[in-house]
């Protein structure tokens, strides 16, 4: 839909611009945050998005009665909150968790725990003196750690040979316990299976990343940089400024905000008072609908996000409420005027501000919950309301503007009394046109990628995730996904059936006003089976063997596809590539 090919000069100009913005923001933040008012309460980095780490955190939030309750509904999670858990604190014991998991968390957070481990063998006398880090040191309340990021894999899919070649580094640390910092930078060359390439070409962006340069025969070359600083002006409030991702909820998917898309510039405030956790996220996003190919047509749009989390029964029942406004302010020449300061108010309801401004901004609100049962089970869910008229809803007329999304799910730890066998069932329903808007410039997207679910809207989905770790270094994950959605097609003219959330839904584009249901348009049945077996031969170093089967059956023959993808490779401090869409 937005397909174009970036030339080399444009690609590198865009990458330089992104890096300059990040470094400028980092420098400004450090200058602003070095005042005497900062409190030394152990500022540090957050746990980067990683399928293995976050599953273990969620597992022990459900499983252990003795673990200090911590909130899993808003990610990433700060490392210091993990250190405070009983199983890693000074009064804790490995007896509260499986020894192999205890060992992993201990190594992963040694630097934050005011001590460093010692390796039996010293590599080059200076590097890997500690089992957990390539290079780390501590000086009083300051510390620094740097690690390489590597990923090399190859496989077979379609008529090509997919591969991945990733090199980079990650660093984290703290300055005098007052300022925490984190950075992650990689250079990548990847060839994806055909269905993945079709998505990239249609969106002009790689899922989870962004701009790219064509590389070789059907491959992509792209640069990725994330980073932020953290500080605390007063003890209950923590501030993060930089480029990173978010994930809101406890499911495999999030219908509120997920980490599937590209990182973005954000100012994040987290306030905790007793059982109340309150988050404000003020974001700058990119709308690529205006991209001209010259690099001068990228429009900025913005988001203001509130999330109120209530630990009604800490460690057992959590309830959350959120509201979000997506907006764009353009001057007479059609260029962005920047962030509307009215939305910087961290307390007031955004809907009230929107009415006061007489604006037509995109407002989304909803709730989520998590209930841990008998330290063995967990049920969770989300409700998203993009637009809602009670009369139309209860009349069941299928009015097009009743835009909502619902998630329900359950987790079972040590299923069937098998140690370290965990199962998860999840279902998601998203009505047509949810997350969309009459103005394409303020849809719930960033770099043509959905902020929430990667399928966009107008679908129903069922997921089964099974995880098993029989031995300390071996683990397996099995994912089965089944989805039904309705898609647009030229065979039906130019009608928008509400699946592609980057499109506007003006009356001329909609097929009708009522009788709109999930699955309208060109029906597609999507099935994915993803099997992964990993061997962790060193801390955060994995050898993976992976098999993916994806089948798409559609009412439009051109959309049919059948992909079998086998790959194997090594990765160090690198998360898995997502193929689940």
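Residue numbers (the working numbering): 987 to 1567. Note that beta-carbon positions come from the ideal geometry of N, C-alpha and C, so glycine has one too.
Once the 5 residues before and after residue 1552 are set aside, which same chain residues still bring their CB inside 6 Å of it? 1141, 1142 and 1533
Straight-line Cα distance separating residue 1179 from residue 1439: 21 Å
Output yes or no for whether 8 Å exceeds the beta carbon distance between residue 1501 and residue 1444. no
Kindly provide the ranges of any beta strand (DSSP E) runs that are 3 or more residues long and lie completely inside the region 1430 to 1490, ordered along the chain. 1445 to 1457 and 1460 to 1473
Determine, using beta carbons only, whether residue 949 and residue 1131 come nearer to each other than 8 Å. This structure leaves residue 949 out entirely; the chain is present only between 987 and 1567.
Is the beta carbon of residue 1267 closer than 8 Å to that of residue 1233? no
Excluding the 5 residues flanking residue 1505 on each side, which residues of the same chain have their C-beta closer than 8 Å to its C-beta? 1444, 1445, 1446, 1470, 1471 and 1472
Residue burial classification, residue 985 (beta-carbon count within 10 angstroms, cutoff 16): Absent from the structure is residue 985, since the part of the chain shown begins at 987 and ends at 1567.
Taking one C-beta from the region 1155 to 1171 and one from the region 1029 to 1041 each time, how about it: are there three or more such pairs within less than 8 Å? yes
Which same chain residues end up closer than 6 Å to residue 1350 when comparing Cβ atoms and leaving out the 5 residues on each side of it in sequence? 1310 and 1372
Is the beta carbon of residue 1411 sitting closer than 8 Å to the one on residue 1454? no
Check whether residue 1557 and residue 1181 have beta carbons under 8 Å apart: no
Specify the secondary structure class of residue 1186 as computed by DSSP and reduced to three states. helix
Rounded C-alpha distance that separates residue 1316 from residue 1428: 12 Å
Report the three-state DSSP secondary structure of residue 1280 (helix, strand or coil). For residue 1280, the pLDDT reaches just 43, beneath the cut-off of 50, and the residue's location in the model is therefore unreliable, leaving the point undetermined.
When burial is assigned at 16 or more other CB atoms within 10 Å of the CB, is residue 1382 buried or exposed? exposed
Return the first residue and the last residue of the alpha helix (DSSP H) that residue 1048 is part of. 1037 to 1049
My guess is that residue 1227 and residue 1215 are in contact by the Cβ rule of under 8 Å, so how many angstroms apart are they, rounded? 6 Å
Are the Cβ atoms of residue 1253 and residue 1393 separated by less than 8 Å? no
Where does residue 1379 land, buried or exposed, given buried means 16+ other C-beta within 10 angstroms? exposed
Could you check if residue 1249 belongs to the surroundings of the ligand ZN, using beta carbon to heavy atom distance under 7 Å? Absent from the structure shown: the ligand ZN. Ligands present: none.
Rounded to whole angstroms, how far is the Cβ of residue 1409 from the Cβ of residue 1452, which I believe are closer than 8 Å? 5 Å
What's the gap between the Cα of residue 1196 and the Cα of residue 1040? 24 Å
Straight-line CA distance for residue 1191 to residue 1458? 38 Å
Local Cβ density within 10 Å of residue 1220, reported as buried at 16 or more and exposed below that: exposed
Using DSSP bridges, identify the partner residues of residue 1398. 1363 and 1409
Taking the alpha carbon of residue 1030 as the reference point, which residue from 1063, 1046 and 1058 has its own alpha carbon closest? 1063
I need the boundaries of the beta strand (DSSP E) containing residue 1509, first residue and last residue. 1508 to 1524
Taking the C-alpha atoms as reference points, what is the distance between residue 1087 and residue 1061? 20 Å
Could you say which of 1046, 1194, 1302 and 1257 lies nearest to residue 1229 if we only look at CA atoms? 1194
Helix, strand or coil for residue 1200 per DSSP? strand
Would residue 1432 and residue 1247 be called neighbours here (beta carbons separated by less than 8 Å)? yes
Quick one: Cα of residue 1015 to Cα of residue 1347, how far? In this predicted model, residue 1015 has a pLDDT of only 45, less than 50, meaning its place in the structure is not dependable enough to derive any value.
Distance between residue 1520 and residue 1562 (C-alpha atoms, nearest Å): 11 Å
Within this structure, are the beta carbons of residue 1461 and residue 1474 separated by less than 8 Å? no
Could you give the first and the last residue of the continuous beta strand (DSSP E) run that contains residue 1134? 1128 to 1143
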